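Taking it in order: structure first as structure tokens, then the write-up.
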Amino acid sequence: MIVKLEKKLVTCKKCGYSWNTRSGRRYVNCPACGSSVKIRSIEEVKKIIKELNNKKEVEKTDLNKTS
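Start counting at 1 in the sequence shown, then tack on 1172, and there's your number in my numbering.
See the structure below:
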């Protein structure tokens, strides 16, 4: 299952490095200094998981209809 997430600009508070990410995780590591940076709230992560589950259910029903 591939989910396309929008690009999100992330800035490290420790070193100031900025980069774009499409990660679905809540935290990512800064490529420059290695510190953990929060990119999404827990509500956003729950929403992404809910959308994934809905897509899986739709695919299962589509497969059952063709069988």
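Positions of the beta carbon are idealized from the N, C-alpha and C atoms, including for glycine.
Every value quoted in this text rests on a predicted model; they were computed, and no experiment measured them.
Beta bridge pairing from DSSP links residue 1208 with 1201.
A Cβ-Cβ contact shorter than 9 Å links residue 1213 with residue 1198.
Annotated three-state conformation of residue 1186 is coil, per DSSP. The Cβ atoms of residue 1202 and residue 1208 lie closer than 9 Å to each other. Pairing residue 1180 with residue 1233, the inter-Cα distance amounts to about 32 Å.
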